[in-house]
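Residue numbers (the working numbering), protein chains in the order written: chain A, -15 to 303; chain B, -15 to 303. Shown next, in structure tokens, is the structure this report addresses.
Protein chains: 2
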Amino acid sequence: MSAKVTRADVARYAGVSSAVVSYVINDGPRPVAQATAARVRDAIAVLGYRPNTTAQALRRGSSRLLGHVVPDLGNPLWAEFALAVEAVAAARGYDVLLASSEGGADDEHRRVETLSARGVDAVIVTSVLARPDLVSRGSGVPLVLLNTFFEVPGFPSLGVDAFGGAQEATEHLLGHGYGTVGLVIGGETGELREQGWRAGGGTGPIARGEFSRHGGYEAGKRMFGSSDRPRAVFVASDMQAVGVLRALYELGLDVPGDVAVVSFDGTVETEFTNPQLTTVRQPVRAMADAAVARALGEDSSERRVLPAELVLRASCGCG
Amino acid sequence: MSAKVTRADVARYAGVSSAVVSYVINDGPRPVAQATAARVRDAIAVLGYRPNTTAQALRRGSSRLLGHVVPDLGNPLWAEFALAVEAVAAARGYDVLLASSEGGADDEHRRVETLSARGVDAVIVTSVLARPDLVSRGSGVPLVLLNTFFEVPGFPSLGVDAFGGAQEATEHLLGHGYGTVGLVIGGETGELREQGWRAGGGTGPIARGEFSRHGGYEAGKRMFGSSDRPRAVFVASDMQAVGVLRALYELGLDVPGDVAVVSFDGTVETEFTNPQLTTVRQPVRAMADAAVARALGEDSSERRVLPAELVLRASCGCG
Chain A
-15 MSAKVTRADV ARYAGVSSAV VSYVINDGPR PVAQATAARV RDAIAVLGYR PNTTAQALRR
45 GSSRLLGHVV PDLGNPLWAE FALAVEAVAA ARGYDVLLAS SEGGADDEHR RVETLSARGV
105 DAVIVTSVLA RPDLVSRGSG VPLVLLNTFF EVPGFPSLGV DAFGGAQEAT EHLLGHGYGT
165 VGLVIGGETG ELREQGWRAG GGTGPIARGE FSRHGGYEAG KRMFGSSDRP RAVFVASDMQ
225 AVGVLRALYE LGLDVPGDVA VVSFDGTVET EFTNPQLTTV RQPVRAMADA AVARALGEDS
285 SERRVLPAEL VLRASCGCG
Chain B
-15 MSAKVTRADV ARYAGVSSAV VSYVINDGPR PVAQATAARV RDAIAVLGYR PNTTAQALRR
45 GSSRLLGHVV PDLGNPLWAE FALAVEAVAA ARGYDVLLAS SEGGADDEHR RVETLSARGV
105 DAVIVTSVLA RPDLVSRGSG VPLVLLNTFF EVPGFPSLGV DAFGGAQEAT EHLLGHGYGT
165 VGLVIGGETG ELREQGWRAG GGTGPIARGE FSRHGGYEAG KRMFGSSDRP RAVFVASDMQ
225 AVGVLRALYE LGLDVPGDVA VVSFDGTVET EFTNPQLTTV RQPVRAMADA AVARALGEDS
285 SERRVLPAEL VLRASCGCG
């Protein structure tokens, strides 16, 4: 088997020193002439040499691994969570393997199993499920739920203060003097962002749609294509807000001149819309840090709720 | 050890039938009362039961696994590649583990090693490197390079026809009667998209920047803040085009009235800019399909180049 091929064998085959083989494998610390490097790589391929990953791991300080299950990576929010978890894990000497799910319970369950079977030390599940408790308790590795709005009995979980964020956004829009603040949100009635909007003084109308750009576009066309449109709107996700801006553009309505908009999530995309979106920013990095700390047993909290931050830009009428 | 705990043990502990335990674990096919399901999950947790993944894999038709190394997931293009690889792999009964890299050679190398060490059958590397040949040949599993513009000796690779796509985009803009077509692109001079732009009749100016929204914004401010701005521009990536649109908005220039824009990549974000972006669409799904086929040995091609498709929308002056 290839496991018995040593670096010395590769060196002999390629006609170079063992150190040069190491430089080629590790891309340093010393440079190797291109033709020599090619010869070494050929020798590695021919002999089926496989570097000793345990030794490599020791040199790197870790062979430790976390799993992370994320929903649809086409939503920049989940991509930002994936990157943040990776960054904070790397700072602790951990690599991360990602598995993207379609967001359903079966699918999340299966991804957790796949990662567990590959020997990860813990799995972080960034979930959009209303019932993430369907994730198996039997997976045999610690699980941490990231981005749940509610406590999930039996699992450590983390979420943003969605109620407070939505309330502050709505109060801010009313503070501008706009008489009515509508709501664009997902299909589920009464969730925390809707409660926060209502607590902040939101009275309607409400347009529901998928949590996607297209869902926001369709909801925006319905809400603002009608004659009794609201003067301002709180949109419960950035993706939907991008769709609402597109709908307003098509309807010839100016933002914020005709309609003021505040979104929720605070992904990088909101800095590059025209105009830039005022948004309730989720503390993605802090949430990722708390999730990794919990997954590695650095603390034992069962539930943490982190505050959101209202970022003021042009779409609400500020700046 | 927990491996010796059986489903029958769980059933006995929870006071239910073995079938009910299965329904809870698999979330079906029959519904289970919430209180009963909670009891089963408690039993699983207490006993440390771990479902037999081999049996599960057989039931699902596979326990096979591919690895996929992707650069910055904050770019929707890479997220789309990740989703597409997962979808085409799933259609063949394969799961995918993702590892996101910072895009450097060391980092890609390490991710390949991490995935290889976890027993994946092959690794697909979606790379932005000019020199992806630095990926180790010694990882012991088949590698396929996805999204390389050039042939990479020693590795099977796939890419889009960047030259042809850029040429067609530029010719299309000139066909509208715009006298000059500028270029916004990355820092590396003379790559295929630049060659294609030139072959299509592009004469300048050129503004270079990072392949990011911010890089496009900065390049756009430079190119269009000057008095001798071009009437049209080909932007070599969607991310940069989003930044260019933001710069034009700030400068008070209308698209396409003052400046016509065509981008390259064709991610979903281009459908939701204002106006919508005309773009050279990469055949992401077909590329992912070809990469997975190659990784699984369904064909033995060393190099495949897939055609791009010019998608006409409002930003170039069409529609």
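Don't be surprised by glycine CBs; every beta carbon is placed ideally from N, CA and C.
When the options are compared against residue i, the one with the closest alpha-carbon
| i | options | result |
| --- | --- | --- |
| Gly250(A) | Gln151(A), Ala73(A), Leu157(A) and Leu296(A) | Leu296(A) |
| Ala235(B) | His156(B), Tyr(-3)(B) and Arg206(B) | Position check: residue 235(B) holds Leu in this sequence, whereas Ala was assumed. When each option's Cα is compared against that of Leu235(B), the closest is Arg206(B). |
| Ala220(B) | Gly174(B), Ala17(B) and Gly209(B) | Gly174(B) |
| Tyr7(B) | Arg25(B), Asp90(B) and Val243(B) | Arg25(B) |
| Gly159(B) | Ala272(B), Val4(B), Leu50(B) and Val246(B) | Val246(B) |
| Ala150(B) | Gly301(B), Arg48(B), Ser299(B) and Ala292(B) | Ala292(B) |
| Arg102(B) | Met271(A), Arg48(A) and Ala279(A) | Arg48(A) |
| Tyr201(A) | Val53(A), Met223(A), Val128(A) and Ala66(A) | Met223(A) |
| Leu290(A) | Cys300(A), Ala274(A) and Gly303(A) | Ala274(A) |
| Arg278(A) | Thr132(A), Ala203(A), Pro140(A) and Asp212(A) | Pro140(A) |
| His52(A) | Ser85(A), Val107(A), Cys300(A) and Ser100(A) | Val107(A) |
| Trp62(A) | Phe195(A), Arg215(A) and Cys300(A) | Phe195(A) |
| Gly184(A) | Val165(A), Arg192(A), Ala(-5)(A) and Gly193(A) | Val165(A) |
Proximity test, Cβ basis, 8 Å: residue i and chain B
| i | result |
| --- | --- |
| Leu305(A) | A query on residue 305(A) cannot be resolved here, the shown segment of chain A reaching from -15 to 303 and no further. |
| Arg(-4)(A) | no |
| Glu70(A) | yes |
| Thr37(A) | Low confidence applies to Thr37(A): its pLDDT is 48, below 50, so where it sits in the model is not reliable enough to give any reading. |
| Glu194(A) | no |
| Thr98(A) | yes |
| Asp283(A) | no |
| Asp(-7)(A) | no |
| Glu64(A) | yes |
| Ser2(A) | no |
Between the CA atoms of residue j and residue i - distance to the nearest angstrom
| i | j | result |
| --- | --- | --- |
| Ala71(B) | Gly124(B) | 25 Å |
| Gly122(A) | Tyr33(B) | The predicted position of Gly122(A) is uncertain, since its pLDDT is 47 and thus under 50; a value taken from the coordinates is nonetheless stated next. Cα to Cα, Gly122(A) sits roughly 6 Å from Tyr33(B). |
| Glu286(B) | Ser1(B) | 54 Å |
| Ser284(B) | Gly138(B) | 13 Å |
| Arg182(A) | Val217(A) | 12 Å |
| Leu237(A) | Ser210(A) | 12 Å |
| Ile190(A) | Leu167(A) | 5 Å |
| Gly281(B) | Ala21(B) | 43 Å |
| Asp91(B) | Leu82(B) | 14 Å |
| His156(B) | Val252(B) | 21 Å |
| Gly77(A) | Leu261(A) | 36 Å |
| Arg23(A) | Ala29(A) | 10 Å |
| Arg177(A) | Ala225(A) | 14 Å |
| Leu248(B) | Arg265(B) | Checking the sequence, you will find Phe at residue 248(B) rather than Leu. Their Cα atoms are separated by approximately 6 Å. |
| Leu130(B) | Thr110(B) | 5 Å |
| Ala27(A) | Ala19(A) | 12 Å |
| Ala146(B) | Gly148(A) | 47 Å |
| Asp79(B) | Gly241(A) | 49 Å |
| Ala306(A) | Ala89(B) | Beyond the ends of chain A as shown, which are -15 and 303, falls residue 306(A); an answer cannot be given. |
| Gly328(B) | Leu127(A) | Given a span of -15 to 303 for chain B in the structure shown, any question on residue 328(B) remains unanswerable. |
| Phe256(A) | Gly199(B) | 12 Å |
| Ala311(A) | Gly170(A) | This structure does not reach residue 311(A), given that chain A is present from -15 up to 303, and the question cannot be answered. |
| Asp56(B) | Ala68(A) | 11 Å |
| Gly163(A) | Asn258(A) | 24 Å |
Cutoff 8 Å: residue i Cβ touching any chain A Cβ
| i | result |
| --- | --- |
| Arg197(B) | yes |
| Gly171(B) | no |
| Gly103(B) | yes |
| Gly45(B) | Note that Gly45(B) scores a pLDDT of 37, beneath 50, so its modelled location is shaky; the value from the coordinates is reported in the next line. No, its Cβ sits nowhere closer than 8 Å to a Cβ of chain A. |
| Ser84(B) | yes |
| Leu67(B) | yes |
| Leu42(B) | Only weak support is given to the placement of Leu42(B): the predicted model assigns it a pLDDT of 39, under 50, and the question is left unresolved by the model. |
| Asp79(B) | yes |
Any non-hydrogen atom of the ligand ADP within 7 Å of residue i CB
| i | result |
| --- | --- |
| Ala244(A) | You won't find the ligand ADP in this model; it holds no ligand whatsoever. |
Subject >> Contact residues within the region 48 to 62 of chain A, judged by C-beta distance below 8 Å to chain B >> reply: Leu49, Asp56, Leu57, Gly58 and Pro60
Original post:
Given a limit of 7 Å on CB to CB distance, which residues of the region 230 to 264 of chain B reach chain C?
Top reply: Of the chains in the structure shown, none is chain C; the protein chains are A and B.
Original post:
Looking at chain B, which residues of the region 203 to 230 of chain A have a Cβ within less than 7 Å of any of its Cβ atoms?
Top reply: Val226, Gly227, Leu229 and Arg230
Subject >> Runs of beta strand (DSSP E) lying entirely within the region 229 to 301 of chain B, each at least 3 residues, in chain order >> reply: 244 to 249, 262 to 265, 287 to 290 and 293 to 295
**OP:** Entirely within the region 120 to 158 of chain A and at least 3 residues each: give me those beta strand (DSSP E) ranges in chain order.
**Re:** 127 to 130 and 141 to 144
Subject >> Segments assigned alpha helix (DSSP H), at least 4 residues, entirely inside the region 162 to 206 of chain B >> reply: 176 to 183
**OP:** Entirely within the region 27 to 112 of chain B and at least 4 residues each: give me those alpha helix (DSSP H) ranges in chain order.
**Re:** DSSP runs (the alpha helix (DSSP H)) wholly in the region 27 to 112 of chain B: 37 to 44, 60 to 75 and 89 to 101.
**OP:** Could you name the residues of the region 271 to 296 of chain B whose beta carbon sits closer than 7 Å to any beta carbon of chain A, in the order they occur along the chain?
**Re:** none
**OP:** Note down, in chain order, all residues in the region 172 to 183 of chain A with a beta-carbon under 8 Å from any beta-carbon belonging to chain B.
**Re:** none
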